[in-house]
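Asker: What follows is a structure written as structure tokens; I'll ask about it next.
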Amino acid sequence: MNHFEMDEFLLELLRSRSPTGTEREAADIVEKYVGTSADVSRDVLGNRIASFGDGDRTLMFAGHMDEIGFIVSYIDDDGFIFFEQLGGHDNIMLSGRRVAIMTKNGYVYGVTGKRAVHLMDAKERKEVPETHQVWIDIGVSNGDEAKALVSIGDPVVYDTVVRKLSSTRCTARAFDDRAGCYCAFEVIRRLAKSESKPDFRVVSVATTQEEIGTRGAWPASYAVNPDVAIAIDVDHATDFPSCDKRKFGSIKLGAGPVISRGPNINPKVFDRLVACADSLKIPYQVSAESRPTGTDARIIQTTRGGVATGLVGIPLRYMHTPGEVADLNDIEACVRLLESFALSLKNNDDFTF
Ligand SMILES: [Zn+2]
């Protein structure tokens, strides 16, 4: 354990930079930590797929390893760099940030700039900037210097560090969804050490491109062809000022993983997850999802002839900001829940309804 009191595997995943479409750093961490417990393969979308055990039926865990970021779209004659968004950002967060640009020769660091408040009129001070009104300043004097360092299409992420807050809570840039990705693979690492072996083959997938429409999970679930699948993603905690519970429900940080219920979820998988949590006294919360969720569960459920799909969430504050906050106890409880679910599956289980 490090001073974060966090598993090194999780810490390295959180430190890796893995914007949508360029997930190589997180993928390398998965291979490093999971390769000793299971075979890890790759596909042409960049997914990492680890297979454990040899049952006739297959359980798939999916956690996406991409994160939101930016992509360089234009460099002007003065060397200022403009960008488009990878995934959904809150534009009020864009300026005044340190960023890391992932170039072919390594990282180039910069800051996002916009006109200082003193140089705005009263109306401008109230406006949220559009993306093209913010730029990246890498400290060069002209366009040629910038183009020697940075290329059109280079991905960018906020340049942040992982910090422990008080108690078991931490802040990081990409708990979404390195936390869920960690859970999906930590289960396999624990099953490999455990005396209990699941009836089902367990396949964990670190999916790519979730943030722009669950694109990695689509071919991965087709290829894995699971009988049962659980997507693990972050879920909005609503336990902070200004969050109306009547609109968003009540989800608390530190109160356990969130088991989703609704049309995107197989009801028997939901019931089994709840039974596993109850029997091991693992804390959990339930959230209602009235539509296809914005997670990999959305696409997995309707793959091929249909997959019995569940969704487990890690409560998260400030999703899609450089300062996401999660509670390590929720992540650990999620791993235990998934392990117990895997061991609960029997060859004659029927998830039709
Ligand atoms: Zn996200």
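The numbering of the sequence shown is my numbering, which starts it at 83 and goes up by one.
Ideal placement from N, C-alpha and C gives every residue a C-beta, glycine not left out.
Does DSSP classify Ile341 as helix, strand or coil?
Answerer: In the structure shown, Ile341 sits in a strand (DSSP, three-state: E or B).
Asker: What does a CB cutoff of less than 7 Å around Asp160 pick up in its chain, not counting 5 residues either side in sequence?
Answerer: Excluding sequence neighbours, Asp160 sits near Asn224, Gly225.
Asker: Sorted by chain position, which residues of the same chain lie with C-beta nearer than 8 Å to Thr391's C-beta, five sequence neighbours on each side aside?
Answerer: Cβ within range, chain order: Val310, Ala311, Ile312, Ala313, Asn346, Ile347, Asn348, Val351, Ala379, Ile382, Gln383.
Asker: What did DSSP end up calling Asp315 once you bin it into helix, strand or coil?
Answerer: Strand.
Asker: For ligand 1, is there a heavy atom less than 7 Å away from the beta-carbon of Ile150?
Answerer: Yes, Cβ of Ile150 sits closer than 7 Å to a heavy atom of ligand 1.
Asker: With hydrogens ignored, establish whether the beta-carbon of Asp258 is closer than 7 Å to any heavy atom of ligand 1.
Answerer: Yes, the beta carbon of Asp258 sits closer than 7 Å to at least one heavy atom of ligand 1.
Asker: Please report the distance separating the alpha-carbon of Asp236 from that of Asp353.
Answerer: Their backbone Cα atoms lie some 45 Å apart in a straight line.
Asker: Could you spell out the range, first to last residue, of the beta strand (DSSP E) harbouring Val447?
Answerer: Absent from the model: residue 447. The displayed extent of the chain is 83 to 435, so no value can be given.
Asker: Who pairs with Met184 in a beta bridge, going by DSSP?
Answerer: Per DSSP, Tyr189.
Asker: Flag His402 as yes when its Cβ comes closer than 7 Å to any non-hydrogen atom of ligand 1, and as no otherwise.
Answerer: Yes; taking the cut-off as 7 Å, the Cβ of His402 has a heavy atom of ligand 1 nearer than that.
Asker: Give me the DSSP bridge partner(s) of Asp219.
Answerer: The partner list for Asp219 (beta bridge, DSSP) reads Val193.
Asker: Determine the closest residue to Gly331 out of Leu425, Lys428, Val238, Ser372, with distance taken between C-alpha atoms.
Answerer: For the residues Leu425, Lys428, Val238, Ser372, the minimum Cα distance to Gly331 belongs to Ser372.
Asker: Does the beta carbon of Glu209 fall short of 7 Å from some heavy atom of ligand 1?
Answerer: Not under cutoff, so the answer is no.
Asker: Assign Gly225 to one of three DSSP states: helix, strand, or coil.
Answerer: Three-state DSSP puts Gly225 in a helix.
Asker: Within its chain, find whatever has a CB closer than 7 Å to the CB of Gly338; leave out the 5 residues flanking it on each side and keep chain order.
Answerer: Here the set comprises Ile364, Pro365, Tyr366, Gln367, Asp412, Ala415.
Asker: Sorted by chain position, which residues of the same chain lie with C-beta nearer than 6 Å to Thr250's C-beta, five sequence neighbours on each side aside?
Answerer: Around Thr250: Asp409, Leu410, Asn411.
Asker: What did DSSP end up calling Gly376 once you bin it into helix, strand or coil?
Answerer: The answer is coil: DSSP assigns Gly376 none of H, G, I, E or B.
Asker: Buried or exposed: which applies to Ile234, given that a residue is buried once 16 or more other Cβ atoms fall within 10 Å of its Cβ?
Answerer: It counts as exposed.
Asker: Look up Lys275 in the DSSP assignment and say whether it is helix, strand or coil.
Answerer: Helix, per DSSP.
Asker: Look at the alpha carbon of Ala204 and the alpha carbon of Val222, and state the distance between them as a whole number of angstroms.
Answerer: Rounded to the nearest angstrom, the two C-alpha atoms are 31 Å apart.
Asker: Would you say Glu293 touches ligand 1, meaning its beta carbon is less than 7 Å from a heavy atom?
Answerer: The answer is yes for Glu293.
Asker: From the DSSP output, in three-state form, read off Glu209 for me.
Answerer: Coil.
Asker: Beta strand (DSSP E) containing Tyr156: first to last residue?
Answerer: From DSSP, the beta strand (DSSP E) with Tyr156 extends over 151-157.
Asker: Suppose contacts are defined by Cβ-Cβ distances below 8 Å. Is Val239 in contact with Arg99 by that definition?
Answerer: Cβ distance < 8 Å, so Val239 and Arg99 count as in contact.
Asker: Under a Cβ-count criterion, where at least 16 other Cβ atoms within 10 Å of its own Cβ denotes burial, should Val285 be classed as buried or exposed?
Answerer: Label assigned to Val285: buried.
Asker: Name the residue from Ala357, Pro374, Pro404, Gln215 whose alpha carbon lies nearest to the alpha carbon of Leu425.
Answerer: Leu425 has its Cα closest to that of Ala357, out of Ala357, Pro374, Pro404, Gln215.
Asker: What did DSSP end up calling Val126 once you bin it into helix, strand or coil?
Answerer: Three-state DSSP puts Val126 in coil, outside helix and strand.
Asker: With a cut-off of 8 Å on the beta carbons, I'd call Gly192 and Asp219 a contact; round off their distance for me.
Answerer: Contact holds; Cβ gap of about 6 Å.
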